[in-house]
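Residue numbering for the sequence shown follows this note's numbering, beginning at 970 and increasing consecutively.
Each residue gets a CB set at the ideal place from its N, CA and C atoms; glycine is no exception.
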Amino acid sequence: MTTVELRSDNAAGVAPQILAAVAAANAGSALGYGGDEVTARLEQHVREVFEHPAARVFPVVTGTAANALALSAMCPPWGAVLCHAGAHILTSEANATAMFGGGVLMHGVPGEAGRLSADGVRAALDAVWWGDNHVSQPAVVSLTQATEQGTLYPVAEVAAVAAVAAERGMKVHLDGARFANAVAALGCSPADLTWRAGVSALSLGAIKNGGLSAEAVVTFDETVAAELYYRTKRAGQVSSKMRFQSAQLLAYLTDDLWLHLAGSSNRAMARLGDGLTRLGAHLEDRPEANIAFVRLDAATADRLRAAGLLFYDTAPGTIRLVTSWQTSDEDVDAALAAFADVL
Ligand SMILES: Cc1ncc(COP(=O)(O)O)c(C=O)c1O
């Protein structure tokens, strides 16, 4: 029986280039808390990759920390963050944004295929009692890119949502736990998908895509960066040996490693998705990045598990499949053979 890992991209290992960069950063001594030369190079490199001369980068240890700290820096304590009803920040971060944001409320908005639409955001904002101190005042729209549902926001959709937010003086945040998968799949520039579309801060994921222990908040707005300077420290996220986190992120963003890794993960999912469609499986949405949801009864899911496939049930009758940079064509073909046997 071949085991095929499709539970999560978190289950994948660390890209060799990133491990090598950590080892290389271990030579000699360096100032702590980001005062080192690798962190300075990282910030310079982020400015080049995102084509933004004032972009700032704040390495943190988890995606939850990146999201909660970025959002707390963008939203007053009496404010609200609008996000998709299925957003990780709302469903899976134990109210971290509320804690770091001093009570910030999350407001989940429904939307097709895991995406918010500009019209949906406008309708939600039109229903707010603006200027009434009895109700939380929306201050941020947060989009997940790629979405929790494995779909994408094209550049124009990010810009359309951001335009609606701007009408109300709100800022836009991206939960980019899988931002590399989105950039690789859309083939656009990181700048077009963020600040040029109206995004003020990005939670830049790396760990799911070959990183070891570093994610980052990237800001394109000096007021957000000024808050984060203190908030990251207060949250215990300013690592004394930051150079090892910075080395990971620098390697990740160098020579398009992040896009190569994500492209490989996306291609594995495309091969899996195409194969499943040919087999007549019921996919919830066309997988656009590295996640797919398949409708499957429990008995069939059990038979797949018995055949060696590792995956999660996400709801009764639905399983989630996730590929990673490590998923090979052989893995995909073994998974498809197991599906062919049970479908
Ligand atoms: C969309 C999304 N955002 C954020 C996170 C948070 O990452 P972490 O588990 O590192 O806190 C995850 C992790 O699964 C995620 O899927």
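{"Query": "Buried versus exposed call for Pro-1022 [16 or more other C-beta atoms within 10 Å across all chains shown]", "Result": "exposed"}
{"Query": "Helix, strand or coil at Lys-1210 [DSSP, three-state]", "Result": "coil"}
{"Query": "Cβ-heavy atom distance, Thr-1292 to ligand 1, below 7 Å", "Result": "no"}
{"Query": "Separation of Glu-1017 from Thr-1223, as counted between CA atoms", "Result": "11 Å"}
{"Query": "Among Val-1029, Ala-1129, Ala-1009 and Ala-1087, the one whose alpha carbon lies nearest that of Ser-1172", "Result": "Val-1029"}
{"Query": "Distance, Arg-1247 Cα to Thr-1292 Cα", "Result": "19 Å"}
{"Query": "Host beta strand (DSSP E) of Pro-1028 (start-end)", "Result": "1025-1029"}
{"Query": "Supposed contact pair Ser-1234 and Asp-978 - C-beta distance, whole angstroms, cut 8 Å", "Result": "7 Å"}
{"Query": "Residue ranges of each alpha helix (DSSP H) within the stretch 1097-1144, 4 or longer", "Result": "1124-1136"}
{"Query": "First through last residue of the beta strand (DSSP E) which encompasses Thr-1163", "Result": "Element bounds for Thr-1163: n/a, residue is neither H nor E."}
{"Query": "Buried versus exposed, by CB contacts within 10 Å (16 or more), Leu-1000", "Result": "exposed"}
{"Query": "Check whether Leu-1038 and Val-1073 have beta carbons under 8 Å apart", "Result": "no"}
{"Query": "Close Cβ partners of Ala-1250 (< 7 Å) along its chain, the five nearest in sequence each way excluded", "Result": "Val-1263, Phe-1308 and Leu-1312"}
{"Query": "Buried or exposed by the 16-neighbour rule on C-beta atoms within 10 Å, applied to Trp-1164", "Result": "buried"}
{"Query": "Inter-residue spacing [alpha-carbon to alpha-carbon] between Gly-1277 and Arg-976", "Result": "12 Å"}
{"Query": "Same chain, Cβ closer than 6 Å to Gly-1071, neighbours up to 5 away in sequence not counted", "Result": "Pro-1046"}
{"Query": "Beta-carbon proximity of Ile-987 to Gln-1217, cut-off 8 Å", "Result": "yes"}
{"Query": "With 16 other Cβ atoms within 10 Å as the buried cut-off, status of Asn-1150", "Result": "buried"}
{"Query": "Identity of the residue in Asn-1102, Ala-1108 and Gly-1180 nearest Leu-1094 by Cα", "Result": "Ala-1108"}
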